[in-house]
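A.B. asks: Protein chains in written order, with this note's numbering: chain L, 65 to 417; chain E, 149 to 676.
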Amino acid sequence: MTERSLAAPPRLLGTRLTRRIRSLGGLLASLALTFLGLLCITFLIGRIIPIDPALAIVGDRAPAHVYERVREELGLNLPLWQQFFIYVGQVLRGDFGTSVLTGRPVLEDIARVFPATLELATLGILIGVIFGVPMGVVAAVHRDRWPDQLVRVIGLVGYSVPIFWLGLVGLLVFYAKLGWVGGSGRLDFFHEGIAPSVTGMILIDAAIAGEWDVFRNALHHIVLPAALLGYFSLAYISRMTRSLMLEQLNQEYITTARVKGVSEARVIWVHALRNILVPLITVVALSYASLLEGSVLTETVFAWPGLGRYLTNALLAADMAAVLGATIVVGLVFVGVNLLSDLLYRLVDPRAR
Amino acid sequence: MLKTVFTSTALATALLLSPALQAATPSDALVQASRFDDIISLDPAEMYEISTFEVATNAYDKLVAYDLDDTSKIVPQLAESWEVSEDGKTFTFTLRDDVTFHSGNAFTAEDVVYTFARLAALDVGPSFLIHDLGITPDNHEDVLKAVNERTFEMTLSEAFAPSFVLNVLSGGNFSIVDSALLEEQAIEGDWGNGWLKNNTAGSGPFQLDQMVPNDRIIMSRFDDYWDGAAELGRLMWRHVEEPATQRLLLEQGDVDVARNLLADQLEPLRAEGTLQFVEATLGTQLYMGLNVSHEPLDDVRVRQALKYLVDYEGMVETFMRDAWIVNQTFLPQGMLGHVDSEPFSYDPERAKELLAEAGYEDGFSLSINVATNQERMDTAQAVQASFASAGIELEILPSDSRTALTTYRAREHDIYLGTWGIDYFDPNTNAVFVANEDNSPEAAANPLTWRNAWQEEELTERVKDLALERDEAARDEGYQALIEEWQEVSPFIMLFQQVAIAAVRPEVEGFRLAPTNDGNRHHRVSKD
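1) Using DSSP with H/G/I as helix, E/B as strand and the rest coil, what is M309/L?
2) Please state the DSSP three-state secondary structure of M359/E.
3) Reducing DSSP to helix, strand and coil, say where P169/L ends up.
4) Considering M642/E, what are the terminal residues of the beta strand (DSSP E) in which it resides?
5) Are the CB atoms of L438/E and R451/E within a distance shorter than 7 Å?
6) Could you name the residues of the stretch 426 to 445 of chain E whose beta carbon sits closer than 9 Å to any beta carbon of chain L, in the order they occur along the chain?
7) Short check: CB of A538/E to CB of P491/E, under 7 Å?
8) Could you have a look at W568/E and say whether DSSP puts it in helix, strand or coil?
9) Nearest CA to the CA of L304/E: which residue from E258/E, T240/E, L414/E?
10) Compare the C-beta of S189/E with all C-beta atoms of chain L and state if any pair is closer than 7 Å.
11) Just how far apart, CA to CA, sit I194/L and A552/E?
12) Would you check if the distance between the CB atom of I678/E and the CB atom of W385/E is smaller than 7 Å?
13) With a cut-off of 7 Å, does the C-beta of G249/L fall near any C-beta of chain E?
14) From S323/E to S351/E, what distance separates their C-alpha atoms?
15) What ranges does the alpha helix (DSSP H) occupy inside the stretch 418 to 482 of chain E, keeping only unbroken runs of at least 4 residues that lie completely in it?
16) How should K500/E be labelled, buried or exposed, when 16 other C-beta atoms within 10 angstroms of its C-beta is the threshold for buried?
17) Sorted by chain position, which residues of the same chain lie with C-beta nearer than 7 Å to L313/L's C-beta, five sequence neighbours on each side aside?
18) Residue range of the beta strand (DSSP E) that T238/E falls in?
19) Assign D173/L to buried or exposed, taking buried as 16 or more other Cβ atoms, counted over all protein chains shown, within 10 Å of its Cβ.
20) My assumption, with CB atoms under 8 Å, is that G192/L sits in contact with L298/L. Please give the rounded CB distance.
21) Just the chain E side, please: which residues come within less than 9 Å of G257/L by C-beta, in chain order?
22) Are the C-beta atoms of Y196/E and some chain L residue less than 7 Å apart?
23) With a threshold of 8 Å on Cβ separation, who are the neighbours of S261/L within its own chain once the five nearest residues in sequence on each side are excluded?
24) Does the Cβ of S441/E lie closer than 6 Å to at least one heavy atom of the ligand GTP?
25) Using a C-beta cutoff of 7 Å, does D404/E count as contacting chain L?
26) Would you report the Cα separation of L607/E and G566/E, rounded to the nearest angstrom?
27) By the criterion of Cβ-Cβ separation under 8 Å, what are the contact partners of I115/L in chain E?
28) Please decide whether L190/L counts as near chain E, where near means a Cβ-Cβ distance under 7 Å.
29) In whole angstroms, give me the CA-to-CA distance for A126/L and A175/L.
30) Give a yes or no on contact between the stretch 534 to 550 of chain E and the stretch 111 to 119 of chain L, applying the rule of three or more CB pairs nearer than 8 Å.
31) Determine, using beta carbons only, whether H284/L and G234/L come nearer to each other than 7 Å.
32) When the distance is taken between beta carbons, is V365/L closer than 7 Å to F178/L?
33) Could you compute how far the alpha carbon of V316/E sits from the alpha carbon of S229/E?
34) Using a Cβ-Cβ distance under 7 Å, would T166/L count as near chain E?
35) Are the beta-carbon atoms of Y295/L and G389/L separated by less than 7 Å?
36) How many whole angstroms separate the CB atoms of G196/L and I286/L, which I take to be in contact at a CB cut-off of 8 Å?
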């Protein structure tokens with residue numbers, strides 16, 4: 065069975081276009097439904113948890129009439145379904161409301177915290193892929209021998225050691241003892257506010273402004289938390305790569321290639337690896353999406369002002385505008401990462417085109 | 149492909165290992181690692197969260213402030229002097245004439261009128277502080293007067309104790325705002341509230357440059373400060389949640405001060421001996437509230453028994469060490485009216501006698517609502533163990549702090565373990581532990597007494613009268629006597645008073661901590 069025989073038969077241009085439009089319409093409808101469901105559930109959870117958001121605003125000691133007024137301003141005296149419809153209506157008009165906790169518009173907050181997470185997660189997943197995939201391949205090739213065992217132990221540690229602890233130890237060793245990396249936070253005091261914020265991602269902003277000192281300082285600060293997140297995704301990626309590779313290495317085409325005298329390196333790194341790319345992309349995309357939700361513990365240890373801590377703080381204060389806004393972002397991230405991996409499938413696998 | 153990977157890894161490593169990081173903080177800036185994720189609004193009329201007050205006190209002045217060296221005394225700030233009329237109702241303040249706001253506007257009595265009227269009229273959370281003085285949205289125009297540029301006068305409806313009035317005015321919510329600037333910024337009669345949430349409009353030693361929620365706050369020196377410009381050019385706070393991380397930053401010199409270290413971090417640092425440690429006993433107390441509408445807590449003997457079933461000393465000597473001291477009264481140490489009265493100690497035999505008298509020799513079971521914070525959970529567990537020695541079974545109900553508070557305010561708890569912090573440096577701020585004027589479910593005010601469904605009319609009257617006692621010595625004695633009676637009957641087991649400790653790098657000079665953030669001004673801090 066060759067790849068070519070499976071490729072889709074050529075179609076007429078017209079039918080292809082209508083199909084595209086129809087599938088796009090279907091996609092949009094299912095997206096809209098997904099988001100509505102997501103909002104509905106988040107909204108309900110937010111209203112069921114026994115926390116009073118009005119308290120967060122007026123404080124514990126405000127007199128009853130002030131408290132009541134704020135409850136009315138928040139619309140908390142209305143029936144639940146009405147509150148939900150008002151909220152959805154506002155979102156459709158582009159108004160995500162104001163966060164109770166920061167006193168600022170939710171969109172402004174998200175525009176601040178999400179780039180911090182995006183920067184960290186992207187670097188993290190790069191590290192995870194660059195190290196995780198080769199490790200998985202090596203483990204599969206040397207199945208049950210020492211390289212395999214080594215990769216297994218590294219992965220196991222990644223799975224089981226609390227990230228909080230690992231982060232502190234990392235800071236202790238690489239920041240406090242060796243001085244190789246920066247401490248917590250995104251920049252040192254000296255470099256704060258030099259590069260104008262364009263994307264909110266300091267590495268990119270510094271590069272745009274040509275402020276290479278700031279760039280280097282930001283890199284010093286991001287490398288440890290990114291390596292930590294990278295390590296955790298590495299644990300998953302290397303395990304998955306290993307089992308995907310093992311499956312391929314038992315296939316007949318591998319034997320054929322070997323018989324034909326193709327070099328062993330080429331057999332492994334080209335023939336076999338190419339065939340696991342599609343499932344591997346799914347694995348990486350899932351890891352990336354989960355990093356993009358923000359890692360509360362990593363953000364806490366490294367004082368990283370990202371999405372995870374924002375969402376958690378908001379949830380614990382029943383700051384529903386902020387929670388719902390952040391939830392929409394997480395939803396968008398999943399949709400975006402899925403679309404991205406879809407695109408990548410098409411690139412690596414002709415059958416998916 | 150592998151080659152590229154190795155090359156880029158090598159490059160990245162080289163970049164990282166390249167010459168050392170600039171570890172020290174700038175010589176003209178004070179950088180503090182602290183937690184300020186509680187900040188919601190910087191508007192002095194609206195601010196209620198503890199961290200906000202430290203930003204405000206550096207940006208604003210008040211008419212008067214409490215004396216850092218003797219916190220029961222009041223010292224002038226924007227008011228040079230003041231007088232109280234014969235009948236005790238009219239307060240006349242003579243104001244400084246050399247004060248300018250950060251905007252360049254000159255400070256006058258109109259600014260004081262505007263500030264106080266604003267606090268009364270906005271009717272936000274802290275407005276009750278001025279409403280308690282009888283200044284309301286309806287009458288502020290009659291009460292507050294700018295007699296001339298340098299004279300401000302207010303005529304109250306009652307003859308309150310002068311110490312009470314002045315102590316209230318020393319609170320951060322009475323920070324004097326720049327009225328001309330706020331009128332420019334005001335939208336639809338909001339008194340500039342929308343703008344002031346994220347900006348400052350004061351005359352204090354520093355002005356706000358940047359405030360990024362949960363990340364950083366930067367202030368810079370106001371060169372024309374009336375009391376002499378600050379020593380340092382900038383103040384910076386970095387939000388660092390994790391105490392262990394704060395310690396590392398401090399040791400590496402990336403911050404000058406760490407504000408939230410725990411005993412675990414403090415002990416090794418003290419042993420090293422290079423850092424300075426600055427302490428202050430705070431106006432925050434940890435206590436347990438007993439809901440007297442739940443049996444058997446309605447019986448005063450049972451409440452007394454429970455007070456003998458807490459190992460106060462044991463806790464402060466072990467897991468609460470360094471951060472808390474025993475205080476069984478409803479007033480923090482250092483406040484007018486406070487007395488060192490500690491009638492209770494861990495005494496299971498005495499407790500069993502009291503329980504037997506009340507008819508509960510076989511014990512009973514109760515639950516306690518606690519926020520899932522390390523110190524409070526540890527305390528709840530210690531109390532659970534000591535209650536058990538008299539056959540009382542205590543079920544711990546841990547939850548997020550706001551959930552626990554919501555339960556408490558709904559009077560649904562048996563026992564609530566939580567903290568209470570003062571609003572201003574006067575004993576009347578903690579009258580909520582004593583007075584309850586309306587114990588009905590629909591009462592307009594929900595003081596701590598109401599939350600525990602406890603009402604004692606005679607004590608309520610006495611604590612109200614003490615707010616009107618114009619003889620300061622008599623007022624002091626009045627509270628002391630009240631505390632001793634209250635301790636026997638109240639539904640509160642007062643446990644500890646909080647101690648703040650800041651670890652400060654050796655090159656920093658003049659860093660002080662006050663009992664409230666209102667006192668934490670940093671304009672006299674300098675560096676070698």
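For glycine and all other residues, C-beta sits at the position ideal for the given N, C-alpha and C.
C.D. replies: Taking the geometry as given:
1) Within the first sequence, residue 309/L is the residue found at index 245, counting from 1. In the structure shown, M309/L sits in a helix (DSSP, three-state: H, G or I).
2) Residue 359/E sits at position 211 when you count from the first residue of the second sequence. The answer is strand: DSSP assigns M359/E an E or B state.
3) Taking the first sequence and counting its residues from 1, one reaches residue 169/L at position 105. Residue state, collapsed to three classes: strand.
4) By one-based count along the second sequence, residue 642/E stands at place 494. Start and end: 640 to 652.
5) Along the second sequence, one-based indexing puts residue 451/E at 303. Along the second sequence, one-based indexing puts residue 438/E at 290. In this structure, L438/E lies closer than 7 Å to R451/E by Cβ.
6) none
7) If you number the second sequence from 1, residue 538/E lands on position 390. If you number the second sequence from 1, residue 491/E lands on position 343. No, these two residues do not count as a Cβ contact at 7 Å.
8) For the purposes of this step, residue 568/E is taken as the residue at position 420 of the second sequence. W568/E falls in the strand class under three-state DSSP.
9) As a position in the second sequence, residue 304/E is number 156, starting the count at 1. Per the Cα distances, T240/E.
10) Locating residue 189/E in the second sequence gives position 41, where the first residue counts as 1. Yes, contact with chain L.
11) Locating residue 194/L in the first sequence gives position 130, where the first residue counts as 1. Locating residue 552/E in the second sequence gives position 404, where the first residue counts as 1. One C-alpha to the other measures close to 46 Å.
12) Outside the displayed range of chain E (149 to 676) lies residue 678/E, so it cannot be described from this structure.
13) Counting from 1 along the first sequence, the entry for residue 249/L is found at position 185. Yes, its Cβ sits closer than 7 Å to a Cβ of chain E.
14) By one-based count along the second sequence, residue 323/E stands at place 175. By one-based count along the second sequence, residue 351/E stands at place 203. Approximately 9 Å, taken between the alpha carbons.
15) 448 to 455, 460 to 465
16) Along the second sequence, read from residue 1 onward, the residue named residue 500/E stands at position 352. Classification for K500/E: buried.
17) Taking the first residue of the first sequence as position 1, residue 313/L is located at position 249. The answer, listed in chain order, is A204, A336.
18) Here residue 238/E refers to the residue found at position 90 when the second sequence is read from its first residue. Counting along the chain, the beta strand (DSSP E) containing T238/E begins and ends at 238 to 243.
19) Mapped onto the first sequence, residue 173/L falls at position 109. Under this definition D173/L is a buried residue.
20) Locating residue 192/L in the first sequence gives position 128, counting from the first residue. Locating residue 298/L in the first sequence gives position 234, counting from the first residue. Between L298/L and G192/L the Cβ distance is about 4 Å, and since that is below 8 Å, they are a contact.
21) The residue you call residue 257/L lines up with position 193 of the first sequence. Ordered by position in chain E, the residues that pass the 9 Å Cβ test against G257/L are D357, Q358, I366.
22) As a first step, residue 196/E must be located in the second sequence, where it is residue number 48. Interface residue, yes.
23) Along the first sequence, read from residue 1 onward, the residue named residue 261/L stands at position 197. For S261/L, where only same-chain residues beyond five positions count, the Cβ hits under 8 Å are D269.
24) The ligand GTP is not part of this structure, which contains no ligands at all.
25) For the purposes of this step, residue 404/E is taken as the residue at position 256 of the second sequence. Judged by the 7 Å Cβ criterion, D404/E is not in contact with chain L.
26) On the second sequence, position 459 is the one that residue 607/E refers to. On the second sequence, position 418 is the one that residue 566/E refers to. Going by the C-alpha atoms only, they are around 23 Å apart.
27) By 1-based counting over the first sequence, the position of residue 115/L is 51. The answer, in chain order, is D548, R550, T551, T554.
28) Position 126 of the first sequence, counting from 1, holds the residue named residue 190/L. Cβ-Cβ to chain E under 7 Å: no for L190/L.
29) Counting from 1 along the first sequence, the entry for residue 126/L is found at position 62. Counting from 1 along the first sequence, the entry for residue 175/L is found at position 111. Taking the straight line from one Cα to the other gives about 32 Å.
30) yes
31) Here residue 284/L refers to the residue found at position 220 of the first sequence. Here residue 234/L refers to the residue found at position 170 of the first sequence. Their beta carbons are not under 7 Å apart, which means H284/L does not touch G234/L by this criterion.
32) Locating residue 178/L in the first sequence gives position 114, where the first residue counts as 1. Locating residue 365/L in the first sequence gives position 301, where the first residue counts as 1. No.
33) One-based indexing of the second sequence puts residue 316/E at position 168. One-based indexing of the second sequence puts residue 229/E at position 81. Computed Cα separation, rounded: 16 Å.
34) The sequence position of residue 166/L within the first sequence is 102, counting from 1. Output row for T166/L: interface = yes.
35) To locate residue 295/L, count along the first sequence from 1; it is residue 231. To locate residue 389/L, count along the first sequence from 1; it is residue 325. Cβ distance not < 7 Å, so Y295/L and G389/L don't count as in contact.
36) As a position in the first sequence, residue 196/L is number 132, starting the count at 1. As a position in the first sequence, residue 286/L is number 222, starting the count at 1. That belief does not hold up - the Cβ atoms of G196/L and I286/L are roughly 19 Å apart, past 8 Å.
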